[in-house]
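Taking it in order: structure first as structure tokens, then the write-up.
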């Protein structure tokens with residue numbers, strides 16, 4: 002997915018098939034800098050000649066303080082290759098439907114995009130699942146499940162310290178084996194879980210659900 006800006010149309014210094022260099026904003030529209038374009042971010046563009054006979058749409062990466070723009074063509078009047086514009090075209094930074102969350106159609110989002118989409122609508126994050134057989138320290142994440150096989154001996158799971166940055170995080174720990182070995186849960190730095198220095202799981206398939214605020218872990 003690409004970044005989106007508002008009301009940005011400009012003319013480059015020249016046509017051709019190469020990278021565009023910003024010349025001037027079209028009257029009534031923002032320049033890339035005014036629109037908030039950021040170097041190294043990806044944007045969608047449409048470029049067209051005055052008579053509309055030459056056009057292309059594609060992906061561009063901004064550079065040099067939002068004054069240069071690469072061209073990766075998606076479709077064009079030149080059989081979907083870069084157009085050799087005879088004069089400087091009008092270039093608009095626009096968007097494709099894929100830049101928006103759809104509510105009536107399926108979308109293909111990568112893991113990072115899925116997490117951001119959930120954050121944008123304040124939805125619960127999909128938990129990751131980790132299987133362990135030995136002492137393990139859990140790194141900060143919004144929601145995760147840890148499956149522990151303690152067949153080989155007692156296993157200690159160390160939770161990350163509660164802080165403002167991970168407040169609300171949920172960790173579920175499940176003992177999956179039938180041995181009498183315990184799963185011992187502690188917090189990095191020695192902080193308590195509720196009012197104890199540790200929590201213990203002894204029974205097979207027992208699950209311990211914990212959640213932290215900015216300073217404390219709690220059994221839920």
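In our numbering, the protein residues as written are 2 to 221.
Built from N, CA and C at the ideal position, the CB exists for glycine as well.
- prompt: So is residue 68 buried or exposed if we call it buried at 16+ other beta carbons inside 10 Å?
  reply: The residue in question, residue 68, is buried, as its Cβ has 16 or more Cβ neighbours within 10 Å.
message: Are the CB atoms of residue 199 and residue 187 within a distance shorter than 8 Å?
response: With contacts defined as CB atoms closer than 8 Å, residue 187 and residue 199 qualify as a contacting pair.
message: Counting beta carbon pairs with one atom in the region 130 to 138 and one in the region 191 to 211, are three or more of them shorter than 8 Å?
response: The region 191 to 211 is not in contact with the region 130 to 138.
- prompt: Where do the ends of the beta strand (DSSP E) carrying residue 34 lie?
  reply: Where residue 34 is concerned, there is no enclosing beta strand (DSSP E), although the alpha helix (DSSP H) it sits in stretches over 33 to 36.
- request: Work out the CA separation of residue 216 and residue 151 for me, nearest whole Å.
  value: Those two C-alpha atoms are separated by around 29 Å.
task: Have a look at 61, 66, 20, 17 and flag the residue whose alpha-carbon is nearest the alpha-carbon of residue 35.
output: When only C-alpha atoms are compared, the closest one is 66.
task: At 4 residues or longer, and completely inside the region 139 to 178: list those alpha helix (DSSP H) runs for me, N to C.
output: Inside the region 139 to 178, DSSP marks no whole alpha helix (DSSP H) run of 4 or more residues.
task: Answer with buried or exposed for residue 44, where buried requires no fewer than 16 other C-beta atoms within 10 angstroms of its C-beta.
output: Classification of residue 44: buried, given that the 10 Å Cβ count is 16 or more.
- prompt: Roughly how many angstroms lie between the CA atoms of residue 62 and residue 119, to the nearest whole one?
  reply: Residue 62 and residue 119: Cα-Cα distance of roughly 26 Å.
- prompt: Looking at C-beta atoms only, is the number of pairs between the region 74 to 86 and the region 25 to 40 that lie closer than 8 Å three or more?
  reply: No, the region 74 to 86 does not touch the region 25 to 40.
task: Just tell me which of 88, 9, 181, 54 has its CA closest to the CA of residue 26.
output: Of 88, 9, 181, 54, the residue nearest in Cα terms is 9.
message: Tell me which residues share the same chain as residue 89 and place their Cβ nearer than 8 Å to its Cβ, disregarding the 5 neighbours each side in the sequence.
response: Excluding five sequence positions before and after residue 89, the CB atoms of its chain that fall closer than 8 Å to its own CB belong to 12, 13, 14, 15, 16, 24, given in chain order.
query: Anyone know if the C-beta pair for residue 185 and residue 155 falls short of 8 Å?
result: For the pair residue 185 and residue 155, the CB atoms are nearer than the 8 Å cut-off.
query: Between which two residues does the beta strand (DSSP E) harbouring residue 46 extend?
result: Note, residue 46: beta strand (DSSP E), 43 to 49.
- prompt: Can you tell which of 196, 204, 165, 162 has its C-alpha closest to the C-alpha of residue 180?
  reply: Of the candidates 196, 204, 165, 162, the one whose C-alpha sits nearest the C-alpha of residue 180 is 204.
- prompt: Short check: CB of residue 51 to CB of residue 57, under 8 Å?
  reply: Between residue 51 and residue 57, the C-beta gap is not smaller than 8 Å, which leaves the two residues out of contact.
message: Strictly by DSSP, which residues pair up with residue 13?
response: DSSP output for residue 13 lists 23 as bridge partner(s).
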